[in-house]
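Trainee: Input: one structure, supplied below.
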Amino acid sequence: MTISPWSKTGAIDKEADMALDLGIGRREFLIGSAAAAGMIGLMPRSLRAATPKKGGNFRIGVGDFAVTDTLDPALYETYFQLFLFRQLRNNLIEFGPGGVLVPELAESWEGSADAKTWVFKLRSGVTFHDGRPFTAEDAAYSLNRHRIEGTTSSAAPILKPVSDIKATGKYELTVSLSEGNVGFPDIMTLETLGMVPNGETDFAKGIGTGGYMLVSFEPGVKSVVKRNPNYWKADRAHFDSVEMIAIKDAAARTSALVSGSIDACNFVDLKTAGLLKRKPEIELLSVAGKAHYTFPMLMDADPFKNNDVRTAMKYAVNREEMVKVIAGGFASVGNDQPITSSYKFHNPDLKPKAYDPDKAKFHLKQAGLDKLSVELFVSETPFAGATDAAVLYREHAAKAGIDIKVTKTPEDGYWNDIWFKKPFCAARWSGRANEDAMLALAYSTDGIAAGWNETHMSDPKLDQMLVAARIEFDEAKRRQIYYDIQALISETGGAVCPVVANFVDACTTKVGHGELASDFSMDGGRFAERWWFV
C-alpha cells in the first residue's frame, strides 16, 4: 500500500478596566462584551500574503511555561517548549494548514499491505546546527528515545505498537509495528518527535536541523534564537532572531502587545478578545481547531469511581453559559470527549448534555447520594479564565445539590503538582495529530503509565477498539469504531468537557503570514518558521 506524501488526515469591573487599558470606554466595553458572544471563528482582517521578507527580531509573549521546562523532547509539557522545539528542530513530516501532511525531513513514505511496516525515504544534504549531517541513524535514535523503558514521554503510549525502528540505508528508515496502523504517518508530526543527533544526551545545547539556533534559554523566563544561516528551507525562517518572553497573566500579555513591547502573544483572554479586535494595529488570530477545556475527574478516586457521580457532574454544568461567559463566544459546546469537528472521524450525531440539575440529582440518587461535596483545584495556567470557569461551575452545580469548593492554586508548577494528581482539577488540551494519537495518549490504559491520561480511565473495551481502528482499512468501518469510542468516553469517561475553544492569538499588523494551521496555537506552533515582518 502506497500512501501519498500529501495524504490528508483526518468579573466585569476587572474586564472593564482591561478595556480602558485598550483605549475602549466602559460603555463600549459593555456593548462589545454582549456582541462578542456571537463572534465565533473570526477570520483575520487579511492574510497579508505578500512576498516574505527576511530580517527583524520577533518578540512573543507566551502564556504557558514552567521553570522545569527542558529542551529534552521526551519531557515535553508546555507551549513554551513546543514553540522552542519547532524553532530548533524538524520532524519527519509536518502537519500543514488544512490538515495536509507535508514532507519535511522525510521526502516520502510507504506502508506495506498490512500497514505493519513503514519505510521513510529521508532528505539528503541536511545538516545539524553543529555541522553534522542528518541521516537515518539520527532519525532512528530520535524516535527510539521515546520507547525506552520507564519513559514518561507523551509519545510513548502512541509508539507502543512499534516493535522496531532502524536505519535500513543512509537515508532510509524502516519502522515495524506489532499491529497495523493505517494512520501511522500522522504520528510523525508530533511535537515530541523532532530530530536530534544520534546519541545526543546534552539537550541544553538545542542542536537540531531547524531554522533557528539556540542563543539562550532560561526556563520560565525567556529564550532567544537566531536564524540558522545554513537552513535547508530557503523559503522559511525569515526573522533574524526570535525572542520568547514568559508572561503568565493574559492581561499583561495583551498590554505588552498593545504597547508594542512584543509583536505577538498566544492565548488571548477570550472575554476581551472582541475588544482587542477593534484595535487597528492588532490582528486577532482565531482558528477553530482541536483545543478543548476539561475538568478531569480521577476515575480511580472517590467519589468519581461511580459513573453516576461522573454523569451527575456532567449534567450539572451549563455549557452554553461557559461558552458565552468564559470563552467570549470564541468556542463551541463540548460533549465530554476530545474528538472535535476538526478531526476527520468526529461524530456529529453525539450531542452534548444539556444543563439539567434534576437529571444530575437523579444520578446522585442512583449513586446513593442526596448531595455531594467535591474540591476543584484550579489556576489560570490551563487557560485564561479557568478560575472564573470553576466559580461558574460551582454556581451551576449548586442547583443540583452539588457543592464545589474552588481551591485556587499557584500557577507555577500546576502541571507537575495538581494536574493528573488531584481528583478534580481544570485542564486544557490542544489536540493531537489524529484520533488515535489523541485517544491513545489521553484515554487508553497505556496513557496512565505515561502520565498523560488525566482521568485514569482504563477500559479494556476502549483499548481493544483503538487497536481495531488502527488496522481497519475500510474507512466507513473505521469511522464507526471512532464514533463508538467517542460515545463510550462521553457516557462513561471522567472528563467534563464543556468548551471546545478556538485558538485565539494576536499579533501586530506589522506581521505577515499565510493560511494558519489548526493543530496548535500560533500557526501550529510554527510561527517562527512561517511568519515574517511586512
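Everything in the sequence shown is counted per the UniProt record's numbering, starting at 1 for the first residue and increasing by one.
Where is the CB? At the ideal position from N, CA and C, for every residue including glycine.
Tell me which same chain residues have a C-beta within less than 8 Å of the C-beta of Glu179, skipping the five on either side of it?
Mentor: Here residue 179 refers to the residue found at position 179 of the sequence shown. Contacts found: Lys116, Pro161, Val467, Arg470, Ile471.
Trainee: Beta carbon of Trp532, beta carbon of Pro52: below 8 Å?
Mentor: Here residue 532 corresponds to residue number 532 of the sequence shown, with the count starting at 1. Here residue 52 corresponds to residue number 52 of the sequence shown, with the count starting at 1. Yes, Cβ-Cβ distance for Trp532 and Pro52 is below 8 Å.
Trainee: Here's a check: name, in chain order, each residue in its chain whose Cβ is nearer than 8 Å to the Cβ of Leu177, leaving out the five neighbours to either side.
Mentor: On the sequence shown, position 177 is the one that residue 177 refers to. Closer than 8 Å at Cβ, skipping near neighbours: Ala115, Lys116, Thr117, Trp118, Pro161, Val162, Ser163, Phe184.
Trainee: Classify Glu529: buried if its beta carbon has 16 or more other beta carbons within 10 angstroms, exposed otherwise.
Mentor: The residue given as residue 529 occupies position 529 in the sequence shown. Burial call: buried.
Trainee: Rounded to whole angstroms, what is the Cα-Cα separation between Val414 and Val391?
Mentor: Along the sequence shown, one-based indexing puts residue 414 at 414. Along the sequence shown, one-based indexing puts residue 391 at 391. The sequence given here places Tyr at residue 414; Val does not occur at that position. So the alpha carbons of these two residues sit roughly 18 Å apart.
Trainee: If I follow the unbroken beta strand (DSSP E) through Gly111, where does it start and stop?
Mentor: Counting from 1 along the sequence shown, the entry for residue 111 is found at position 111. 106–111 is the extent of the beta strand (DSSP E) around Gly111.
Trainee: In whole angstroms, what separates the C-alpha of Gly61 from that of Ala246?
Mentor: As a first step, residue 61 must be located in the sequence shown, where it is residue number 61. As a first step, residue 246 must be located in the sequence shown, where it is residue number 246. Pairing Gly61 with Ala246, the inter-Cα distance amounts to about 6 Å.
Trainee: Under 8 Å Cβ to Cβ from Asp72, same chain only, skipping five residues before and after it: list those, please.
Mentor: Taking the sequence shown and counting its residues from 1, the one referred to as residue 72 is at position 72. In the same chain as Asp72, and ignoring 5 residues on each side of it, the C-beta atoms closer than 8 Å to its own belong to Phe203, in chain order.
Trainee: Using only the alpha-carbon positions, how far apart do Leu30 and Arg278 sit?
Mentor: In the sequence shown, residue 30 corresponds to position 30, counting from 1. In the sequence shown, residue 278 corresponds to position 278, counting from 1. Note that Leu30 scores 32 on pLDDT, short of 50, meaning its location in the model is unreliable and no value can be drawn from it.
Trainee: Can the beta-carbon of Tyr315 be found less than 8 Å from the beta-carbon of Lys351?
Mentor: Here the question's residue 315 lines up with position 315 in the sequence shown. Here the question's residue 351 lines up with position 351 in the sequence shown. For Tyr315 and Lys351, no; Cβs fall outside 8 Å.
Trainee: Using 8 Å as the Cβ pair cut-off and three pairs as the minimum, do the region 317–333 and the region 366–379 touch?
Mentor: The region 317–333, when compared against the region 366–379, does not touch it at the 8 Å Cβ threshold.
Trainee: Going by C-alpha to C-alpha distance, which of Pro157, Pro103, Val225, Asn181 sits closest to Leu441?
Mentor: Mapped onto the sequence shown, residue 441 falls at position 441. Of the listed residues, the one whose Cα sits closest to Leu441 is Pro157.
Trainee: Starting from the C-beta of Thr492, find all residues in its chain whose C-beta is less than 6 Å away, skip the five residues before and the five after it, and write them out in chain order.
Mentor: As a first step, residue 492 is located in the sequence shown; it is residue number 492 there, counting from the start. The residues are Asn307.
Trainee: Where does the unbroken beta strand (DSSP E) through Trp429 begin, and where does it stop?
Mentor: On the sequence shown, position 429 is the one that residue 429 refers to. Here the beta strand (DSSP E) through Trp429 covers 427–429.
Trainee: Which stretch, first to last residue, makes up the beta strand (DSSP E) that contains Leu276?
Mentor: Taking the sequence shown and counting its residues from 1, the one referred to as residue 276 is at position 276. Element bounds for Leu276: not the beta strand (DSSP E) but the alpha helix (DSSP H), 273–276.
Trainee: Thinking Val504 and Leu285 are a contact (beta carbons under 8 Å), I'd like their distance in whole angstroms, please.
Mentor: Working through the sequence shown from its first residue, we reach residue 504 at position 504. Working through the sequence shown from its first residue, we reach residue 285 at position 285. Confirmed, Cβ separation roughly 7 Å.
Trainee: Does DSSP put Ala517 in a helix, in a strand, or in coil?
Mentor: Position 517 of the sequence shown, counted from the first residue, corresponds to residue 517. In the structure shown, Ala517 sits in coil (DSSP, three-state: anything other than H, G, I, E or B).
Trainee: Among Gly289, Met244, Leu257, Ala106, which residue has its Cα nearest to the Cα of Ala517?
Mentor: Here residue 517 refers to the residue found at position 517 when the sequence shown is read from its first residue. It is Gly289.
Trainee: Only counting the same chain, and skipping five residues up and downstream in sequence, which positions put a Cβ closer than 7 Å to that of Gly41?
Mentor: As a first step, residue 41 is located in the sequence shown; it is residue number 41 there, counting from the start. Unreliable placement is indicated for Gly41, whose pLDDT of 34 sits below 50; the coordinate value is still reported in the next sentence. Around Gly41: Ser286, Ala288, Asn502.
Trainee: With a CB to CB cut of under 7 Å and the five nearest residues on each side skipped, what residues in its chain are close to residue 588?
Mentor: Look at the range of the chain in this structure, 1 to 534, and you will see that residue 588 is not part of it.
Trainee: What residue range does the alpha helix (DSSP H) around Ile165 cover?
Mentor: Working through the sequence shown from its first residue, we reach residue 165 at position 165. Run containing Ile165: none in the alpha helix (DSSP H); it sits in the beta strand (DSSP E), 162–169.
Trainee: With Asp388 as the anchor, note down where its alpha helix (DSSP H) starts and where it stops.
Mentor: Indexing the sequence shown from 1 puts residue 388 at position 388. First-last of the alpha helix (DSSP H) with Asp388: 386–398.
Trainee: What residue does the beta strand (DSSP E) around Val333 start on, and which one ends it?
Mentor: Translated into positions along the sequence shown, residue 333 becomes position 333. Residues 331–333.
Trainee: Which residue comes first and which comes last in the alpha helix (DSSP H) that contains Leu122?
Mentor: Walking along the sequence shown from the start, residue 122 turns up at place 122. From DSSP, Leu122 is part of no alpha helix (DSSP H) but of the beta strand (DSSP E) over 117–122.
Trainee: What separation, rounded to the nearest whole angstrom, lies between the Cα atoms of Ser33 and Ser216?
Mentor: Residue numbering aside, residue 33 sits at position 33 when the sequence shown is read from its first letter. Residue numbering aside, residue 216 sits at position 216 when the sequence shown is read from its first letter. Its pLDDT being 35, under 50, Ser33 is placed unreliably in this model, and the value from its coordinates should be taken loosely. The straight-line gap from Cα to Cα measures roughly 40 Å.
Trainee: Check whether the region 393–411 touches the region 427–445, taking contact to mean three or more Cβ pairs, one atom from each stretch, closer than 8 Å.
Mentor: With a cut-off of 8 Å, the region 427–445 and the region 393–411 do not count as touching, because too few Cβ pairs lie within range.
Trainee: Beta-carbon within less than 6 Å of Arg145's beta-carbon, same chain only, minus the 5 sequence neighbours each way: which residues are those?
Mentor: Counting from 1 along the sequence shown, the entry for residue 145 is found at position 145. So the list reads Ala74, once near-sequence residues are dropped.
Trainee: Compare the Cα-Cα distances from Ile262 to each of Gly368, Gly525, Lys510 and report the closest residue.
Mentor: Along the sequence shown, read from residue 1 onward, the residue named residue 262 stands at position 262. That would be Lys510, whose Cα lies nearest to the Cα of Ile262.
Trainee: Have a look at the DSSP bridge pairing and note the partners of Met297.
Mentor: Taking the sequence shown and counting its residues from 1, one reaches residue 297 at position 297. Beta-bridge pairing links Met297 to Phe424.
Trainee: Return helix, strand or coil for Thr508, following the three-state DSSP convention.
Mentor: Here residue 508 refers to the residue found at position 508 of the sequence shown. Note: Thr508 maps to strand in three-state DSSP.
Trainee: Could you pull out every unbroken beta strand (DSSP E) segment of at least 3 residues lying fully inside the region 238–280, listed in chain order?
Mentor: 241–246
Trainee: For the region 406–473, which segments carrying the alpha helix (DSSP H) assignment without a break, of at least 4 residues, lie completely within its bounds, in sequence order?
Mentor: Every unbroken stretch of the alpha helix (DSSP H) spanning 4 or more residues and falling wholly within the region 406–473 is given here in chain order: 414–417, 435–442, 446–449, 460–470.
Trainee: Here's a check: name, in chain order, each residue in its chain whose Cβ is nearer than 6 Å to the Cβ of His456, leaving out the five neighbours to either side.
Mentor: Taking the first residue of the sequence shown as 1, we reach residue 456 at position 456. Result list for His456: Leu298, Met299, Asp300, Ile448, in chain order.
Trainee: In whole angstroms, what separates the C-alpha of Asp349 from that of Thr209?
Mentor: To locate residue 349, count along the sequence shown from 1; it is residue 349. To locate residue 209, count along the sequence shown from 1; it is residue 209. Spanning the two alpha carbons is a distance of roughly 44 Å.
Trainee: In angstroms with no decimal places, state the Cα-to-Cα distance between Val221 and Asp412.
Mentor: Within the sequence shown, residue 221 is the residue found at index 221, counting from 1. Within the sequence shown, residue 412 is the residue found at index 412, counting from 1. About 12 Å.
Trainee: Are Ala506 and Ile282 close, meaning C-beta to C-beta below 8 Å?
Mentor: Position 506 of the sequence shown, counting from 1, holds the residue named residue 506. Position 282 of the sequence shown, counting from 1, holds the residue named residue 282. A contact, by the Cβ cut-off of 8 Å.
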